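These notes are about the structure you will find just below.
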Amino acid sequence: MAKLPRRKCTHKSCRQWFHPMRNGQIVCSYECASAVAKEQTAKTRAKALRVEKKRQREEEKEGRALQAERRQAVKPLSHFIKQAQQVFNEFIRYRDRHLTCVSCDRHHDGQYHAGHFRTTGANPELRFNEDNCHKQCSVCNNHLSGNLTAYRLALIAKIGQARFDVLMGPHELPKWKRDDYIQIRDEYRAKLKELKQQVVA
Ligand SMILES: [Zn+2]
Ligand SMILES: [Zn+2]
-17 MAKLPRRKCT HKSCRQWFHP MRNGQIVCSY ECASAVAKEQ TAKTRAKALR
33 VEKKRQREEE KEGRALQAER RQAVKPLSHF IKQAQQVFNE FIRYRDRHLT
83 CVSCDRHHDG QYHAGHFRTT GANPELRFNE DNCHKQCSVC NNHLSGNLTA
133 YRLALIAKIG QARFDVLMGP HELPKWKRDD YIQIRDEYRA KLKELKQQVV
183 A
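If you read the sequence shown in this note's numbering, its first letter stands for residue -17, the second for the next number, and so on.
Encoded structure:
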């Protein structure tokens, strides 16, 4: 066999020139060969460890997501109704932020509510109707049961007789389910965000 051309040992801390005895020989000696093999083993193990750690992290993450999903799944429907109502009411208060109380026309620094003209108890189908809900002071909302006589007049002045008549007319009760309330919640979150962005712009 013809003599193979000399080459440099690939072991990093050796790098000596040597004459390979066979094809594919890349290290000069048995010592360099075993040193390179050891380094490679260490690298392989480190990589395996990284892969395993990543897998564990992903598993934990999935576990947490699953737990969160389970916690949501066991929540009663009332939880999602309440959530959607909170966001809707926040939207109404923000929409009417520059207005006075819809019933007593009073400006004050205290807490404002979102007051439904037709109550959510008697008319759950109008729970998320924007014509049916307006910024109201806590006195009118809580202590005067909505102060409806004044509310009625102000509401007609605000939305007009035609829309008021539609509001007072019959409404179908939608068969809202969990996902519908979630959708309403998200819709009003988006609407509120949009409204706030319009103010900034
Ligand atoms: Zn060597
Ligand atoms: Zn009031």
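Idealized CB from N, CA, C, for every residue including glycine. As the structure is a computational prediction, the values presented were derived from the model and not from experiment.
Is any heavy atom in ligand 1 found nearer than 8 Å to the beta carbon of H(-7)?
yes
Identity of the residue in R(-11), F146 and C83 nearest N123 by Cα:
C83
Buried versus exposed call for Y12 [16 or more other C-beta atoms within 10 Å across all chains shown]
exposed
Assign S60 to buried or exposed, taking buried as 16 or more other Cβ atoms, counted over all protein chains shown, within 10 Å of its Cβ.
exposed
Hey, quick one: how far does the beta strand (DSSP E) through A96 stretch, first residue to last?
Y94 to H98
Would you mind giving the Cβ-Cβ distance between H98 and C115, rounded to the nearest angstrom? I have them listed as a contact below 8 Å.
5 Å
Assuming K57 is part of the beta strand (DSSP E), what are its boundary residues?
No beta strand (DSSP E) contains K57, which DSSP labels as neither H nor E.
Inter-residue Cα distance where the pair is G151 and F73:
24 Å
What does the Cβ neighbour count give for N129, buried or exposed, with the cut at 16 atoms within 10 Å?
buried
Looking at Q22 and ligand 1, is the gap between the Cβ and the nearest heavy atom below 8 Å?
no
Quick check: the Cα distance between D78 and C119, rounded to an integer number of angstroms?
12 Å
When you measure from the CB of S11 to every non-hydrogen atom of ligand 1, does any distance come out below 8 Å?
yes
DSSP three-state label for R(-11), please.
strand
Stretch-stretch touch, CB-based, cutoff 8 Å, three pairs: the segment 62 to 70 with the segment 152 to 167:
yes
CB of F184 within 9 Å of CB of Y170, strictly
Because the chain spans -17 through 183 in this model, residue 184 falls outside it and cannot be assessed.
Considering Q118, what are the terminal residues of the beta strand (DSSP E) in which it resides?
C115 to C119
Rounded to the nearest angstrom, how far is the Cβ of K(-15) from that of H1, given a contact under 8 Å?
7 Å
Got a sec? Which residues, its chain only, sit under 6 Å from I8 by beta carbon, not counting five neighbours each side?
T(-8)
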